[in-house]
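These notes concern the structure reproduced below.
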Amino acid sequence: MVSNRQLFFDNLAQTSGFPLGLEIERASGCWLYSPEGKSYLDLIAGVSVSNIGHNNPSVISAIKAQVDTHLHLMVYGEFIQKPQVRLAEMLCRLLPDDLNSVFYTNSGSEAVEGAIKLSRRYTGRHEIISFTNAYHGSTLGALSVTGNETQKRAFRPLIPSVRHIDFNCVSSLSEISHDTACVIVEPVQGEAGIILPEDGFMHKLRKKCDEQGALLIFDEIQTGFGRTGRLFAMDLFEVVPDIVVFAKSLGGGLPLGAFISSKEIMTSLSNNPDLGHITTFGGHPVSSAAGLASLKYIIEKDIVSNTEQKGLLFKRLIDHQFVIGVRGVGLLMAVELEEGSIVKRLIKKCIEKGLLTDWFLFNEKCFRISPPLIISEKEIEFACNIILESLNEI
Ligand code: PLP
-10 MVSNRQLFFD
0 NLAQTSGFPL
10 GLEIERASGC
20 WLYSPEGKSY
30 LDLIAGVSVS
40 NIGHNNPSVI
50 SAIKAQVDTH
60 LHLMVYGEFI
70 QKPQVRLAEM
80 LCRLLPDDLN
90 SVFYTNSGSE
100 AVEGAIKLSR
110 RYTGRHEIIS
120 FTNAYHGSTL
130 GALSVTGNET
140 QKRAFRPLIP
150 SVRHIDFNCV
160 SSLSEISHDT
170 ACVIVEPVQG
180 EAGIILPEDG
190 FMHKLRKKCD
200 EQGALLIFDE
210 IQTGFGRTGR
220 LFAMDLFEVV
230 PDIVVFAKSL
240 GGGLPLGAFI
250 SSKEIMTSLS
260 NNPDLGHITT
270 FGGHPVSSAA
280 GLASLKYIIE
290 KDIVSNTEQK
300 GLLFKRLIDH
310 QFVIGVRGVG
320 LLMAVELEEG
330 SIVKRLIKKC
340 IEKGLLTDWF
350 LFNEKCFRIS
360 PPLIISEKEI
370 EFACNIILES
380 LNEI
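Those letters in the sequence shown? Residues -10 to 383, by our numbering.
Below, the structure written as structure tokens:
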């Protein structure tokens, strides 16, 4: 019989010439298992998806219950479906007051597309500002606001009227003007290698947007739901955006995205034209049921409160001559090495030893630490020992 590995390379479209190519048969908590029974401790969490670990029993039983009830019924926005409305209610209750209207999508890129359209429709303006080295997704609109030319060049022309300014550069905020529909920003830049805003930067950005009447969009796709040691990264700075975008961990392991704004702003998408934004599968009932169970678990088990401590433990234990620093917040971290050339070798070594870590799209000197938030101290020690051992061996 042809192996699954062979089929992966023969029949699955590849995203690069160097996929991790690991075959995983099952997963539980912070661990992934190969068909041969090899175990891997997961420091990637599907890139900030599996915040409460793999196959959390509450999520699995919510999925099973929903599967027994109904699957897709109708395009988004027409029928009242319990998992969708209950999850939306909970999100709105946990978010600041003005973020009280949820539009579901299937993915992060789609949620970014929706947020961009909403800001253009609401303001009647066309210009969009985003940041150098930001990652917002791979569809044409989301790629247009992504701030890395290597990633974009081959696909031009992208959507017009997009400009990029430098993250943490206060003087560049003067580019935001009365023509600006929105500014989209990751409150902590992910694929740039976990770059935090400097003190006051987010407040200054908020103020400038207010002065110019531009909407502020937070892309919390990677930072959402406890990853930064706060339920939402916006809580780190106490800055409230006009629109927030979620995906990744929102669905508790199933595909789900959302852009969330005020009722007043959101209403502009449902008239002139009617159906200004529509989706067939956005807010799929099974994904919404999984998302609701996951969010309830995060709140009820207070998953967020230990995240900061766990991040600090990683920072303390990863002490090595090749390491320039461990940067980040909560369990969203980048380990910066002296030389980019060792990052890929290190990742390979760690995988051989049963530890999964990953590189960043726009920062070749760093590797990623973003495990499930339920990781234990013992597992952190296990991970750090493998990292140090691997650094010694390369
Ligand atoms: N925005 C951020 C900050 C992301 O990290 C990602 C994915 O990595 C996206 C948007 C795109 O999300 P998706 O891959 O679900 O389209």
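In this text, a Cβ means the ideal position worked out from N, Cα and C, and glycines have one as well. Predicted model, so just to flag it, every value in this text is computed and none were measured.
Of the heavy atoms belonging to the ligand PLP, none sits nearer than 7 Å to the Cβ of E102. Contact annotation: L281 and P72 have beta-carbon atoms nearer than 8 Å. Following the DSSP letters along the chain, one finds M322 inside the beta strand (DSSP E) bounded by residues L321 to L326. By the C-beta density criterion, A77 is buried, having at least 16 other C-beta atoms within 10 angstroms. Between the region 252 to 259 and the region 22 to 34, the count of C-beta pairs closer than 8 Å stays below three; the two stretches do not touch. A247 has Y93 and F235 as its beta-bridge partners, per DSSP.
When secondary structure is reduced to three states using DSSP, Q3 falls in the coil class, being assigned neither helix nor strand. Within the region 52 to 123, the complete alpha helix (DSSP H) runs of at least 4 residues fall at 71 to 83 and 97 to 112. Cα atoms of V233 and L30: separation of roughly 31 Å, rounded to the nearest angstrom. Residue range L129 to V134 is occupied by the alpha helix (DSSP H) that includes A131, with no beta strand (DSSP E) assigned at that position. In the three-state reduction of the DSSP assignment, Q(-5) falls in the helix class. Not one heavy atom of the ligand PLP is found less than 7 Å from the C-beta of S39. Per the C-alpha coordinates, the member of H61, I383, L9 and E297 positioned closest to G218 is E297.
Excluding sequence positions up to five before and after E325, its CB lies within less than 6 Å of the CB of I313, G314, K354 and C355, all in the same chain and listed in chain order. With 16 or more other Cβ atoms inside 10 Å of its own Cβ, A279 counts as buried. Secondary structure at S276: helix, using DSSP grouped into helix, strand and coil. Annotation: H125 is outside any alpha helix (DSSP H) and is labelled neither H nor E by DSSP.
It is roughly 28 Å from the alpha-carbon of V275 to the alpha-carbon of T4. For P146, the number of other beta carbons within 10 angstroms of its own is below 16, and it is reported as exposed. Out of V228, L32, I69 and R15, the CA that lies nearest to the CA of D347 is found in L32. For I118, the CB contacts under 7 Å within the same chain, skipping 5 residues up- and downstream, are R152, I154, E164, I165, T169 and V172 in chain order. Between the beta-carbon of G42 and that of I363 there is about 5 Å, and that keeps the pair under the 8 Å contact cut. Distance from the CA of S127 to the CA of H309, rounded to the nearest whole angstrom, comes to 35 Å. Using a C-beta cut-off of 8 Å, the region 130 to 138 makes no contact with the region 182 to 195, since fewer than three inter-stretch Cβ pairs fall below that distance. Shown here for K342: same chain residues with a beta carbon closer than 6 Å to its own, the five before and five after excluded, namely I375 in chain order.
Using a Cβ distance threshold of 8 Å, G242 and V38 count as a contacting pair. Among the bridge pairs identified by DSSP, A143 is matched with none. In the pairwise beta carbon analysis, the region 106 to 124 is classified as not touching the region 77 to 86: fewer than three pairs are separated by under 8 Å. The DSSP-derived three-state label of D168 is coil.
Between C81 and P361, the C-beta spacing is not below 8 Å.
For P244, same chain residues with a beta-carbon under 7 Å away, outside a window of 5 residues either side, are N95, S96 and S276 in chain order.
R334 carries a helical assignment under DSSP once its states are collapsed to helix, strand and coil. With a cutoff of 7 Å, V36 counts as near the ligand PLP, since its C-beta is closer than that to a heavy atom of the ligand. Bridge partners of S28 according to DSSP: Y22.
With contacts defined by Cβ atoms closer than 8 Å, I340 and F311 do not form a contacting pair.
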